[in-house]
Amino acid sequence: MKNKKFIHCFSVILRAATLFSKFALVIMLAKLIPGGDVGLYGLLSAAIGYAIFIVGFEFYTYSTREMIAYPREQWGWMLKNQIVLTISVYIMFLPLLYFLYYLGILPVGTEFWFIALLIVEYVSQEINRVLITGRNYLLASIILFLRQGIWCWVVVAIMLMMPSLRNVYTVLIVWLVASGAACIIGGIYIFQFTHKYKGQGINWQWIKKGLKLSLPMLMAALAIRGIFTFDRFAIKDIGGLDVLGAYVFFASMASAVQSFLDTIVISFAFPELSKLAAEKKHEEFWITFKRFLLKTFFMSIFLCICCWLSGLIVLHWLNNQIYDRSYSLFIFLIFSTLIYCLSLIPHLGLYALREDTVIIKSQVVSLIVFIGAIIISIMLEELYMVMVGMILSFSVLLLWKSIMLFSKRKILCAE
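In structure tokens, the structure reads:
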């Protein structure tokens, strides 16, 4: 029992350290390297993060449920099928990658970094999921810290000791090495308990079934992540890499609000809400949901205020005109983050009640609203129209999901 508590506490500490490391990295990059390099790093990070959804197809939502039903020694054939699917998607994805560079969406010269980092990030992320499914939480947390946490401090140390290496390529090299190491360590561990069981060969029916079930989740994920990705491309197109660098810096600070909210409130509330919904204990569900609503509402406001105050302190420390001139973007980002965090309240209720169709429709429509705003902003060359579009799209999410959850509540209460 004590050992389990230690593993749980240590895992939580590692995850918190990972969040802090990513946050600290962006602040130090803003201090140590040119704004354009910060912008390029943010652009590649966003593009890689979005591409992972495409090549991964959210297939893990199906494969992990399948793995739970089998002993882990028999997971090998499922992982083999998932690898075949991923390679197939990568082959189809390559022509699209060419157009990303041909159309100037991604800067020429970053092709190697994009492809290499996409591969190691996707593989290490899937390894993490397999480890969590196998309840090896400690190793999963260690690998997460290796691929997203500790390398941030290595980058900062290198740049402080060797000023000549203060550029974006130092970041990309260390990031690639760390994620590659995470793949090797996690891969060796998984191989040890899966390689003996041969199982069946490539099962296209199993893959087809998984794609059918995971496709709706992919649509929802691509829609919501699209808002957090396409904004960067629009900012780059209108303001250039320097302005994008400031935007990436402010967006990283604002995203910390979401991360802390998820860690402090949402991750604890979801299991309980999901359990009550599954057991059809509607009265208890709504009582628990009301507590969750109040916690999330006040915590979101508190975290946004903390983010704003922290931003003022960091801006004073940076003493950089690029970031000072773009301060108004920070205010817009905090406001849009607050609306998004509030939209998570009805989202979690709908998700616990398994109203997936409502979630998918609302997120797709909100993305369409945002893309419309981006098109207008590029045509008018108006930077702040991107921010207005983000606020509008998150407002659509909040209102749509709130109305649908309220309607669902009336139906359940009438039963």
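The sequence shown begins at 51 in this note's numbering and counts up by one. Just so it is clear, CB atoms sit at the ideal spot from N, CA and C, and this is done for glycine as well. The structure presented is a predicted model; accordingly, all values stated were derived computationally and were not measured.
In its chain, beyond the 5 residues on either side, Ile57, Phe60 and Ser61 have a beta carbon closer than 7 Å to the beta carbon of leucine 188. Between the stretch 413-420 and the stretch 439-457, the count of C-beta pairs closer than 8 Å reaches three or more; the two stretches touch.
Going by beta carbons, glutamine 198 and lysine 72 fall inside the 8 Å limit. Remark: C-beta atoms of isoleucine 83 and valine 293 do not approach each other more closely than 8 Å. Using a 10 angstroms sphere on the CB of methionine 212, the tally of other CB atoms stays under 16, which defines it as exposed.
When secondary structure is reduced to three states using DSSP, arginine 341 falls in the helix class.
An exposed status is given to serine 378, since fewer than 16 other beta-carbon atoms sit within 10 Å of its beta-carbon.
Rounded to the nearest whole angstrom, the C-alpha separation of glycine 184 and glycine 399 is 28 Å. In this structure, isoleucine 389 keeps its C-beta atom at 8 Å or more from the C-beta atom of cysteine 357.
Counting other Cβ atoms within 10 Å of its Cβ, phenylalanine 149 stays below 16 and is therefore classed as exposed. Per the Cβ contact rule, the stretch 393-411 is in contact with the stretch 331-345 (3 or more Cβ pairs under 8 Å).
Here alanine 80 really is in contact with phenylalanine 299; their C-beta atoms are around 5 Å apart, less than 8 Å.
A residue is called buried once 16 or more other Cβ atoms fall within 10 Å of its Cβ, and glutamate 171 is buried on that count.
For isoleucine 426, the CB contacts under 6 Å within the same chain, skipping 5 residues up- and downstream, are Met435 in chain order. Taking a C-beta distance under 8 Å as the contact criterion, leucine 394 and isoleucine 316 qualify as a contact pair. Of all alpha-carbon atoms in Asn131, Leu94, Ile441 and Ser386, the one lying nearest the alpha-carbon of leucine 147 is that of Leu94. A residue is called buried once 16 or more other Cβ atoms fall within 10 Å of its Cβ, and glycine 236 is buried on that count. Listed in chain order, the non-local C-beta contacts of isoleucine 288 below 8 Å within the same chain comprise Ser427, Ile428, Glu431, Glu432, Leu433 and Val436, local neighbours out to five positions each way being set aside.
Leucine 156 sits in coil when the DSSP states are folded into three classes, being neither helix nor strand. In terms of CA proximity to glycine 99, Val173 leads the group Met128, Val173 and Ile118. Taken atom to atom, the span from the alpha-carbon of serine 360 to that of leucine 156 is near 31 Å. With contacts defined by Cβ atoms closer than 8 Å, threonine 387 and valine 307 form a contacting pair. Here isoleucine 102 has Leu168, Glu171, Tyr172 and Gln175 as same chain residues with Cβ atoms under 8 Å from its own Cβ, once five neighbours each way along the sequence are excluded. Membership of lysine 259 in the alpha helix (DSSP H) is indicated by the continuous run 254-311.
Here DSSP, grouped into helix, strand and coil, assigns tryptophan 125 to coil.
Taking each of Ile441, Ile381, Arg375 and Trp450 in turn and checking the Cα distance to lysine 411, the smallest one comes out for Trp450. Following the DSSP letters along the chain, one finds tyrosine 390 inside the alpha helix (DSSP H) bounded by residues 377-402. Threonine 407 counts as exposed, since fewer than 16 other beta carbons sit within 10 angstroms of its beta carbon. The C-alpha of alanine 66 is placed about 27 Å away from the C-alpha of isoleucine 118. Look at lysine 330 here: in three-state DSSP terms it is coil, with no helix or strand label. Rounded to whole angstroms, lysine 259 and methionine 269 show a C-alpha spacing of 16 Å.
The Cβ atoms of glycine 126 and threonine 244 sit closer than 8 Å to each other. The beta carbon of isoleucine 351 sits closer than 8 Å to those of Leu388, all from its chain and outside the five residues before and after it, given in chain order. Non-local beta-carbon contacts of isoleucine 274 in its own chain, meaning distances under 6 Å to residues more than five positions away in sequence, involve Gln413 in chain order. Assigned with DSSP and collapsed to three states, proline 213 falls in helix.
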